[in-house]
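Chemist: One structure follows; several queries about it will come next.
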Amino acid sequence: MRTRLITALAAGLPLAASAQSQLNLTQGVTEVSNRVYDLHMTIFYICCVIGAIVFGAMFYSMWRHRKSKGYKPASFHENVKVEIAWTVIPFLILVGMAIPATSTLLAMEDTSEADVTVLVTGSQWKWHYKYLDRDVEYFSLLATPRQQIENRLDKGENYLLEVDRPLVIPTDTKVRFLITSDDVIHSWWVPDFAVKKDANPGFINEAWTKVDEPGIYRGQCAELCGKDHGFMPVVVIAKEPAEYQAWLDEQERMQREAKAEEQRLLAMSMSMDELMELGERVYLGNCAACHQPNGQGIPGVFPSLVGTEMMLNDINGHIDIVVNGKNGTAMQSFKNMLSLREIAAVVTYERNAWGNNTGDMVQAADVNAYVNE
Amino acid sequence: MSTVVGEMDHHDHHHAPTGISRWLFTTNHKDIGSLYLWFSFIMFLVGGSMAMVIRAELFQPGLQLVDPHFFNQMTTVHGLIMVFGAVMPAFTGLANWMIPMMIGAPDMALPRMNNWSFWILPFAFAILLASLFMEGGGPAFGWTFYAPLSTTYSGDSTALFVFSVHIMGISSIMGAINVIVTIMNMRAPGMTYMKMPLFVWTWFITAFLLIAVMPVLAGAVTMVLTDKYFGTSFFDAAGGGDPVMFQHIFWFFGHPEVYIMILPSFGIISAIIPAFSRKKLFGYASMVYATAAIAGLSFLVWAHHMFTTGMPVAAELFFMYCTMLISVPTGVKVFNWVATMWRGSMTFEVPMLFALAFVILFTIGGFSGLMLAITPIDFQYHDTYFVVAHFHYVLVSGAIFSIMAAAYYWLPKWTGHMYDTTLARWHFWTSLISVNVLFFPMHFAGLAGMPRRIPDYAVQFADINQIVSIGGFAFGLSQLIFLWVVIKCVRTGEKAPAKPWEGAEGLEWTVPSPAPYHTFETPPKVD
Chain A
19 MRTRLITALA AGLPLAASAQ SQLNLTQGVT EVSNRVYDLH MTIFYICCVI
69 GAIVFGAMFY SMWRHRKSKG YKPASFHENV KVEIAWTVIP FLILVGMAIP
119 ATSTLLAMED TSEADVTVLV TGSQWKWHYK YLDRDVEYFS LLATPRQQIE
169 NRLDKGENYL LEVDRPLVIP TDTKVRFLIT SDDVIHSWWV PDFAVKKDAN
219 PGFINEAWTK VDEPGIYRGQ CAELCGKDHG FMPVVVIAKE PAEYQAWLDE
269 QERMQREAKA EEQRLLAMSM SMDELMELGE RVYLGNCAAC HQPNGQGIPG
319 VFPSLVGTEM MLNDINGHID IVVNGKNGTA MQSFKNMLSL REIAAVVTYE
369 RNAWGNNTGD MVQAADVNAY VNE
Chain B
5 MSTVVGEMDH HDHHHAPTGI SRWLFTTNHK DIGSLYLWFS FIMFLVGGSM
55 AMVIRAELFQ PGLQLVDPHF FNQMTTVHGL IMVFGAVMPA FTGLANWMIP
105 MMIGAPDMAL PRMNNWSFWI LPFAFAILLA SLFMEGGGPA FGWTFYAPLS
155 TTYSGDSTAL FVFSVHIMGI SSIMGAINVI VTIMNMRAPG MTYMKMPLFV
205 WTWFITAFLL IAVMPVLAGA VTMVLTDKYF GTSFFDAAGG GDPVMFQHIF
255 WFFGHPEVYI MILPSFGIIS AIIPAFSRKK LFGYASMVYA TAAIAGLSFL
305 VWAHHMFTTG MPVAAELFFM YCTMLISVPT GVKVFNWVAT MWRGSMTFEV
355 PMLFALAFVI LFTIGGFSGL MLAITPIDFQ YHDTYFVVAH FHYVLVSGAI
405 FSIMAAAYYW LPKWTGHMYD TTLARWHFWT SLISVNVLFF PMHFAGLAGM
455 PRRIPDYAVQ FADINQIVSI GGFAFGLSQL IFLWVVIKCV RTGEKAPAKP
505 WEGAEGLEWT VPSPAPYHTF ETPPKVD
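From first to last, the protein sequence lines stand for chains A and B.
Here our numbering is used: the first residue of the first sequence is 19, the next is one more, and so on.
Here our numbering is used: the first residue of the second sequence is 5, the next is one more, and so on.
This is the structure:
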């Protein structure tokens, strides 16, 4: 009976191994993740030994003490000494496990004396990173093209584990993460750091890491957060401290310039074609997950944008809801996520796509009024 | 015995309704037991077909069959149906059939409430399943319905979900009250507490757990309802609430709930292993104390489901230690079963096969449970397929296998026929192999970093998921053999004697097979 089970399992294993799938926990790239890995292996081996003893005794008994071999049953059914032994010995084993577990946990939860702090904010279905001591912040969205998910294109190497703008942190530096959420509960997880912490709306959690090696580390949202829970990866790039500083300075400069540029562009108008082209791109990247590429939404979950009162007649309400979101629903505020031009374009696009054909054009200056109100 | 049969005829002639009204109005524990068991099997197939949808979608990376929103509905309703519709009613069905016969009682103590506690269940599940067809679909926030995903961000099916959970809770509480009152008041003379079969003992303790925690679940769903529809802010920080408080309340129910789904299994296994080892159960008293200890500890470990929510480190340590402690009484049980087999005279009929598979596979689930208890490594395992593998090992190859073992053990008593053992062995071996192909590789997927509840995954998980899906389809199909065995056994089969198993002990084997409609109207003497 066992051989059949083992054959079935053995038939499966080489298959999995042949594609170089990882079958065990990652050791990771931090001191903490290595301690976690060692603890995992220690407890696993202890379980294997106990399992071998218990199942060994069981199989021995099943093989030797069977009626078909004429074995006559013994009559014992109690033995206080044995019973005390198998209560006390497991307890001592547990104490042995608890000691390294406690010291590892205490090390993991010590977020003091960090050199860099990043605020990580989850929202449906993306991450936002903000460097608290610098003027740098941005959203990080899934970069895998829709066509790959829908099987119209071959899947890339980092399918579903790639983002447009990864988080960048320095190596050999204690980095503290403050983790929160704008809507539902998410969970920020990078296996190579052994960091997984829930992002709770209205509360801030802490975690930290100190990465030894430069590299790209990938993870995912770990807490069910709605429809696209499976599509909000975490990508972290660890750079040498000098390289990191250069990158951060560059980002700060670019973000300042972009803000100045945006104010300068307020006076300029875009043509209908420009608005529609930009609007479609913004729509597919930010809105289509809920409202669907055809604008129809999902009945009862995400409202349709086709032929509704707001789309046809309420341009002010339309800009307002995109800029400020709608409380108590999944409709979030886009004013920090999209530029004024992008909001203007996407509103124009929505008012003229899918047969809405209102002919309305919205410009960045129109949107600016709502952002600053 | 002839008096018992005579009594039955008397009743049949006078007021036993026939046809559908027999089943609607029945207050007979055996009828109600059968209703529960059939209902739970239907729900097992319904929840199982949802698992098939999940496994079909996960067969390959990419989105093929269902959209992510529907996928989330499938994982949610699969969980709810399997927990509340399949496992719990199956145990209640077994309790109804067996507890009165095991303690020498004529029926359950509160027969009308018994009828009601069953007949509200189909309505609860009709409401839940109907919500899948409404605009926006059914609940899609996981069976754990964490706020605010289940409040602010959920669809309007949430109201139906809440009411159906309320009805399930009421049904469970009534069932539990009935078990407790029956056991405390209706034991035959001489049947002292420490002489009760372990199935009765484990159910007795389970019933107290049910009464303690089902109202907590009712409170949780009610707060979800008022948060969503009546403007309260229990779980909304903007109004002074806390979404993590939801998890504390839910898991204060949820952790005892997992013992509700396994303690009766311990009772079943403790009946079957001695029967086929032809040797008395080793350590009866320590089994009772271990069950009570597990039940007590179950109220002190709930937050081990929540290590990543950002608890203070002192709380993490407390819940880690308490959780690890549970493996002591659980270990005692496993050791006792092995000691029962030791130097017995074993045979391997189908109930024994399932019971032995239970001991091994449940213990594997226990090992992964111990690994999950260690907080620092739980940070890596939490919300991955490692957890999915763990709880399916204890619930499918644990609880469900014990229910199968119980069915094969008592089917001759229920139907009066022996079942087709060749078919039953096919059922066992196909289930055993496929359940491991299904759930064992999930450990690897989880360790390699695959989160749970995702409709699509990174390419390195593709091979593992393909194997898992094949195991899933095979396990699903294997259960149709069980249906076939049971139907065949109900209709035909060799006549079963009163005691078909040589080493079986207990009052249920002193009545004929099939058990007469009314048993023990005159209490038996127990010495």
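Beta carbons: idealized from backbone N, C-alpha and C, even for Gly.
#1: Please say whether P251 (chain A) and R271 (chain A) have beta carbons closer to each other than 8 Å?
#2: Considering only DSSP beta bridges, list what E155 (chain A) is partnered with.
#3: For C110 (chain A) and chain B, any beta-carbon pair shorter than 8 Å?
#4: Restricting to Cα atoms, I'd like to know which of B:F362, B:A294, B:I381 and B:F371 is closest to E320 (chain B).
#5: The beta strand (DSSP E) that contains N322 (chain A), what's its start and end?
#6: Tell me the DSSP secondary structure of Q166 (chain A) in three-state form.
#7: Nearest CA to the CA of F477 (chain B): which residue from B:G287, B:T434 and B:S175?
#8: Taking the alpha helix (DSSP H) that Q263 (chain A) falls in, what are its first and last residues?
#9: Could you work out which residue in B:Y521, B:F405 and B:F444 is closest to S482 (chain B) when comparing CA atoms only?
#10: Any beta carbon of chain A sitting closer than 8 Å to that of R59 (chain B)?
#11: Relative to the alpha-carbon of L285 (chain B), which residue among B:F203, B:G83 and B:T379 has its alpha-carbon at the smallest distance?
#12: Does any CB atom of chain B fall closer than 8 Å to the CB of R194 (chain A)?
#13: Within 10 angstroms of its Cβ, does G244 (chain A) collect 16 or more other Cβ (buried), or is it exposed?
#14: Run through chain A and tell me which residues come within less than 8 Å of N76 (chain B), C-beta to C-beta.
#15: On the DSSP letters alone, give me the boundaries of the beta strand (DSSP E) that G88 (chain A) sits inside.
#16: Rounded to whole angstroms, what's the CA-CA distance from P209 (chain A) to L159 (chain A)? Just pull it up for me.
#17: Could you name the residues of chain B that L330 (chain A) contacts, counting a contact when the two beta carbons are closer than 7 Å?
#18: Spell out the partners DSSP gives G140 (chain A) in its beta bridges.
#19: Any beta carbon of chain A sitting closer than 8 Å to that of H431 (chain B)?
#20: Closest by CA to G88 (chain A), which one among B:S161, B:F311, B:R282 and B:Y197?
#21: So which residues of chain B does L178 (chain A) contact, with C-beta pairs closer than 9 Å?
#22: To which residues does DSSP link A217 (chain A) through a beta bridge?
#23: Contact criterion: CB-CB distance below 8 Å. Does W346 (chain B) meet it with respect to chain A?
#24: Among A:I111, A:N223 and A:L178, which one has its Cα closest to the Cα of G314 (chain B)?
#25: Could you work out which residue in A:N218, A:A212 and A:D216 is closest to K228 (chain A) when comparing CA atoms only?
#26: Using CA coordinates, which residue listed in B:M190, B:G108, B:T230 and B:A211 is at the minimum distance from V166 (chain B)?
#27: Using 8 Å as the threshold, is the C-beta distance between V193 (chain A) and W226 (chain A) below it?
#28: Look at the Cβ atom of I171 (chain B), then the Cβ atom of A211 (chain B), and state whether they are nearer than 8 Å.
#29: In the DSSP assignment, what residue or residues form a beta bridge with V134 (chain A)?
#30: Is it right to say E175 (chain A) is buried, meaning 16 or more other beta carbons lie within 10 angstroms of its own, or is it exposed?
#31: Do you know whose CA, among B:V338, B:L153 and B:D387, lies nearest G271 (chain B)'s CA?
#32: Going by DSSP in three states, L62 (chain B) sits in which element: helix, strand or coil?
#33: Give the residues of chain A in contact with L427 (chain B), contact being defined as C-beta atoms less than 8 Å apart.
#34: Three or more C-beta pairs closer than 8 Å, one from the segment 465-474 of chain B and one from the segment 61-76 of chain B: is that the case here?
#35: Going by CA-CA distance only, name the one from A:E295, A:S351, A:L358 and A:A383 that's closest to Q142 (chain A).
#36: Less than 8 Å between C-beta atoms, sequence neighbours within five positions excluded: which residues of the same chain meet that for F254 (chain B)?
Modeler: In this structure, then:
#1: no
#2: A:K148
#3: In the sequence as displayed, the identity of residue 110 (chain A) is Leu instead of Cys. Chain B contact via Cβ: absent.
#4: B:I381
#5: Inspection of the sequence shows that residue 322 (chain A) is occupied by Ser rather than by Asn. No beta strand (DSSP E) contains S322 (chain A), which DSSP labels as neither H nor E.
#6: helix
#7: B:T434
#8: P259 to L283
#9: B:F405
#10: no
#11: B:F203
#12: no
#13: buried
#14: L242, G244, K245 and H247
#15: That residue, G88 (chain A), is in no beta strand (DSSP E); it is neither H nor E in DSSP.
#16: 19 Å
#17: None at all; the shortest Cβ gap to chain B is about 22 Å.
#18: A:W145 and A:S199
#19: no
#20: B:R282
#21: P65, I458, D460, Y461, A462 and V463
#22: A:H204
#23: yes
#24: A:N223
#25: A:A212
#26: B:T230
#27: yes
#28: no
#29: A:V193
#30: exposed
#31: B:V338
#32: coil
#33: The premise fails here: L427 (chain B) is roughly 17 Å from chain A at the closest Cβ pair, so nothing lies under 8 Å.
#34: yes
#35: A:S351
#36: T148, F149, Y150, L221 and A224
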